[in-house]
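Chains as they are written, first to last, in this note's numbering: chain A, 400 to 927; chain B, 37 to 374.
Ideal placement from N, C-alpha and C gives every residue a C-beta, glycine not left out.
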C-alpha cells in the first residue's frame with residue numbers, strides 16, 4: 400500500500416555493522432518461539448491425519464460446513480471493520496483532541512478487554528434473553544474486541560511526529576487529506592496489526608457464541624470435543640481455521656507493505672497540538688460514553704445485580720485472594736515470556752526480513768486463531784510423551800498462555816520497532832558499542848512503550864483465560880477464571896460475581912499503567 | 037525506562053520461581069487424584085468426609101466433564117487421574133469403549149441397583165436426576181401440560197418451548213425415544229422441536245428463562261429448578277415442575293457415575309473412594325449437599341422438597357443402554373441443531 404522508505408544504499412555501513420548476519424540471541428529466541436508455536440500445530444496435523452480421507456471428506460463436505468464457513472467469514476469481516484472504525488475513532492479522540500478527562504477515557508476504553516467473554520455474553524443475555532444470532536454476535540464481539548485496535552493505534556498516534564502533519568497542511572492538504580495521507584500512514588501498521596488480532600480472536604471465540612446461539616467453526620469444534628469426545632474430528636475441523644487465518648495473515652501482509660514507518664531519528668519529535676472539539680465536544684463525549692457504557696457497563700452492571708441479588712454461599716476452602724494472587728502471578732509470567740519471545744521474532748521479521756524470518760513471524764500468529772482446547776490438548780499430548788515431569792506444572796501453563804497470546808505481544812512490539820530507525824542502532828555500533836550495549840542503550844528505550852503494550856495485552860488476556868487453565872493448571876490451584884466458572888456452573892451467581900469483578904480489577908492495573916505510558920511523553924520527546 | 041526494566045526483571049523472577057516450583061511435584065504416596073466433572077460443591081463435601089474417614093488425601097481437579105474426558109484420552113497410560121467422577125454416563129462409556137477404565141469392585145457395584153451401573157461393571161452409578169418439564173405458572177395451566185414428551189413436537193407448542201441442544205442431558209432423550217419408538221419417530225420429534233423452540237446454551241439458562249416467562253416450558257433435569265430456587269429464594273419462582281407419565285421416554289433417569297482409571301497406580305485407594313461414594317455416609321452427604329440429586333443407594337432419602345425417588349416410575353432405558361450418545365449426536369448434527 401505504501402512505498403517503503405528505503406535507506407540510502409550504503410553497503411559498507413551494512414556490512415561493517417553486521418546487519419546482515421542474524422545476531423545470535425535473536426536467532427535463538429526466534430527458533431525457540433517457532434518451536435513452541437509448532438507444538439499445537441503439529442498435534443493438530445497428526446491428529447487430523449488419523450481420520451483418514453473418507454472421514455475427513457464426510458466431515459468437511461457436509462452442507463452445514465458451508466453454513467459454518469459463511470457464518471465465520473461474514474462475522475469476521477463485519478466485526479473487524481467495525482472494530483477498526485471504533486478503535487481509530489476512539490484513539491484519535493483520546494490522543495489528538497482536547498477531550499475532557501482523556502486520562503480517564505484512556506483507561507476506560509481498554510477495560511472491556513478485562514471482562515471475560517462468558518461474562519459479556521451472560522450480561523447481555525440477562526438484559527435481553529431474546530438476543531441471538533448474527534447481529535447479536537457482531538455487536539457483542541465488536542464491543543469486547545475494539546480495544547485490540549484502539550490500543551496499538553493510540554500508542555502509535557501518541558508517537559507520530561506532529562511536524563509531518565503540519566508540513567502536509569502547509570503544503571496545501573486539507574485536514575482530512577492530511578489525516579489520510581500522513582497520520583493514517585503512520586499508524587497503518589498498528590491499525591492492521593489490531594485488525595489482525597480481532598480477526599484471529601474471532602476465529603477462536605467460543606463462549607460468547609455459545610450464549611447467543613451463533614454457530615461458527617469453533618462452536619462446531621467444541622461440539623465434537625464435548626459431545627462426541629472426538630479429538631480427531633475436532634482437529635480436522637480446526638484445519639479449516641488454520642486456512643482461514645492463513646488468509647487473514649496473508650491479507651494483512653499484503654496491506655502492510657514492508658511494515659516500515661520509521662524516519663531518520665527521534666529528533667525534534669513532538670506531540671501534536673490537541674484539536675479543540677468545540678461544539679463537537681458533546682457528541683464526542685456521548686459517543687465514547689455509549690461505547691464504554693455498552694462494552695463495560697452491561698457486563699459489570701449484571702455482575703453488580705447478581706452480587707446484590709444472589710444468596711449463594713461460597714465453596715469451602717477457597718480463597719478469593721489466593722485465586723487473585725495465582726491469576727496475577729500467571730498473568731505476569733505469561734506476559735513476560737510472551738514479550739520476551741515477541742522481541743526476537745519481531746526483530747528478525749523487521750530488521751532481517753527474509754522468507755524464513757517472515758514465516759516464523761506469521762506462524763506465531765496461528766495458535767491465537769485455534770480454540771484454546773486444541774492448543775491445551777496439544778500440550779497435554781506433548782508433555783505426556785516427552786516432558787512428563789512438567790505435566791500440569793505452573794511452567795507448562797505459563798508456556799501455554801505464551802503460545803496462545805504471543806500474537807498480542809508481537810503486535811505491541813512490532814508497532815514500536817517499526818517506528819524505530821535501524822540507523823540509530825548502526826550509529827551506536829559505529830561509535831564502538833558492543834551489540835548488547837546498543838540494545839540496552841538505544842533499542843530498548845525506543846521500543847519500551849511497545850514492550851509495555853505487549854506485556855499489558857498478554858496480561859489481560861491471560862487473566863481471563865479459562866479453557867487451557869482448566870486443563871493445565873497444577874492440581875488444586877484455582878484462578879479467578881476457574882472459580883468464576885465453578886460457581887456459575889452451579890448457579891451460584893451471587894458467589895461468582897466477586898471473582899469476575901476482581902478479574903476486571905486485576906486487568907485495570909495494566910490498562911492504567913499502559914494508558915499512562917502512552918499519554919506520557921517518552922524520554923527524548925519534547926512537548927509544547 | 038528504569039521502571040519498565042524493573043517490571044521486566046520482576047516478571048522474569050516470577051518466571052524463574054514458577055520453574056523451580058514446577059519441579060517440586062505434589063502428590064504424596066498415599067494421595068489419589070480425582071478428575072471431577074461433577075458439581076464442585078457436592079464433590080468438596082464428599083472429599084472432606086472421605087479424607088476424614090480414611091486419612092487418604094484426595095487431590096481434586098475440577099473441569100468440564102467432556103474436556104476432562106478428552107484430556108484423559110490424550111493422557112492415555114500415563115494419566116495422573118486415579119478416579120473420574122462425572123455428572124453423566126456417556127463420558128464414562130466413551131472412556132470404557134477405549135479400554136481406559138478398570139473394573140469396579142463387586143461390593144461397590146452391589147450397593148447400587150444394577151440397572152444404574154455399567155453393564156460391564158466398569159463404572160458405578162452414584163446419584164440420579166430425572167428429566168422433567170419446567171413450566172411458567174402464569175403462562176401454562178397444569179391441565180395443558182403434556183403427558184408425553186413426544187407431544188412437545190406438535191404445532192400447539194410453537195414458540196413456547198425452550199431447550200439446550202448442546203447439553204449432555206439432551207442426547208439421552210433422543211436415545212431413549214429411538215430405543216422405544218424407533219429412529220424415524222425420534223427424528224420427526226426432533227424436527228418438531230426445532231420448529232417449536234428457542235435454543236439456549238445450557239440448562240441453567242433454560243430454567244431461568246422459563247422462570248422469567250421468556251419461554252413457557254422447557255426441557256430440563258429436575259435439580260436445575262431446585263438450584264435456581266436455592267439461589268433466588270422461593271418468592272422469586274414463577275415456575276414449577278411437571279413429570280411426564282410413567283414409562284414415557286421423557287421420564288428418563290440420568291445418572292452421575294464414577295470410575296477407576298486402568299492406568300491408576302493407586303488402585304486400592306481409588307476403589308476405596310468409589311466404595312465411599314456409594315456407602316451410606318457418602319450417599320447421605322450427597323443428599324445433604326444442596327445438589328438436589330437423588331442418592332441411588334436403597335434406604336437413603338433425598339433432600340426435602342423432592343418427590344421421593346420411589347414415587348418415580350422412569351422409563352426402562354438404563355444409563356448403560358444410553359451408551360456414548362454418538363447416534364443422538366449424529367441426528368442432531370444432521371438436522372442442524374448442533
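query, result
"Residues of its chain near residue 737 of chain A, where Cβ-Cβ distance is below 6 Å and the 5 sequence neighbours each way are ignored", "801, 804, 805, 808 and 857"
"CA-to-CA distance, residue 147 of chain B to residue 611 of chain A, given in whole angstroms", "43 Å"
"Helix, strand or coil at residue 663 of chain A [DSSP, three-state]", "Here the model assigns residue 663 of chain A a pLDDT of 49, short of 50, so the residue's position is not dependable, and the following value carries that caveat. Here residue 663 of chain A sits in coil by DSSP."
"Buried or exposed by the 16-neighbour rule on C-beta atoms within 10 Å, applied to residue 516 of chain A", "buried"
"In chain order, each alpha helix (DSSP H) run of at least 4 residues that lies wholly inside the segment 210-234 of chain B", "219-232"
"Local conformation of residue 135 of chain B per DSSP, three classes", "coil"
"Residue closest to residue 372 of chain B, alpha-carbon to alpha-carbon, out of A:549, A:634, A:613 and A:544", "A:613"
"Chain B contact for residue 645 of chain A (CB, 9 Å cutoff)", "no"
"Per-residue burial, residue 753 of chain A [other beta carbons within 10 Å of its own, 16 or more giving buried]", "exposed"
"DSSP beta-bridge partners of residue 257 of chain B", "B:167"
"Continuous beta strand (DSSP E) assignments of at least 3 residues falling wholly in the segment 276-346 of chain B", "289-297"
"Minimum Cβ-Cβ distance from residue 358 of chain B to chain A less than 9 Å", "no"
"Separation of residue 875 of chain A from residue 60 of chain B, as counted between CA atoms", "Caution applies to residue 60 of chain B, whose pLDDT of 38 falls short of 50 and renders its modelled position unreliable; the value that the coordinates give is listed next. Approximately 15 Å between the Cα atoms of the pair."
"Inter-residue spacing [alpha-carbon to alpha-carbon] between residue 367 of chain B and residue 223 of chain B", "7 Å"
"Buried versus exposed, by CB contacts within 10 Å (16 or more), residue 248 of chain B", "exposed"
"Which residues DSSP lists as bridging residue 606 of chain A, in chain order", "None; residue 606 of chain A has no bridge partner."
"Sequence-distant residues of the same chain with beta carbon closer than 6 Å to residue 487 of chain A, five excluded per side", "552"
"Distance CB(residue 722 of chain A)-CB(residue 470 of chain A) smaller than 9 Å", "no"
"Chain-ordered residues of the segment 777-797 of chain A with a beta carbon less than 8 Å from chain B", "779, 780, 783, 787, 788, 789, 790, 791, 792, 793, 794, 795 and 797"
"Cut-off 6 Å between Cβ atoms - residues of its own chain near residue 354 of chain B, not counting five sequence neighbours on either side", "151"
"Opposing strand residues paired with residue 496 of chain A [DSSP bridges]", "A:674"
"In chain order, each alpha helix (DSSP H) run of at least 4 residues that lies wholly inside the segment 804-860 of chain A", "821-829 and 834-837"
"Residue 848 of chain A vs residue 566 of chain A beta-carbon contact at 9 Å", "no"
"Pair within 9 Å by beta-carbon distance, residue 74 of chain B and residue 111 of chain B", "no"
"With 16 other Cβ atoms within 10 Å as the buried cut-off, status of residue 451 of chain A", "exposed"
"Other residues of its chain near residue 447 of chain A: CB distance less than 6 Å, five sequence neighbours each side excluded", "634, 635 and 638"
"Close beta carbons around residue 362 of chain B, own chain, < 8 Å, minus the five adjacent residues each side", "none"
"Beta-ladder partner(s) of residue 68 of chain B, from DSSP", "B:94"
"Beta carbon proximity, residue 663 of chain A to chain B, threshold 9 Å", "Unreliable placement is indicated for residue 663 of chain A, whose pLDDT of 49 sits below 50; no coordinate value is reported for it."
"Per-residue contacts from residue 627 of chain A into chain B (C-beta, under 7 Å)", "362 and 365"
"Residue 197 of chain B - containing beta strand (DSSP E), residue span", "197-199"
"Residue closest to residue 909 of chain A, alpha-carbon to alpha-carbon, out of A:560, A:602 and A:510", "A:510"
"Residues from the segment 893-905 of chain A in contact with chain B, defined by Cβ distance under 8 Å", "893"
"Residue 785 of chain A (DSSP reduced to helix, strand or coil)", "helix"
"Simplified DSSP state of residue 883 of chain A, which is helix, strand or coil", "helix"
"Inter-stretch contact (C-beta, 8 Å, three-pair minimum) for the segment 773-783 of chain A and the segment 810-829 of chain A", "no"
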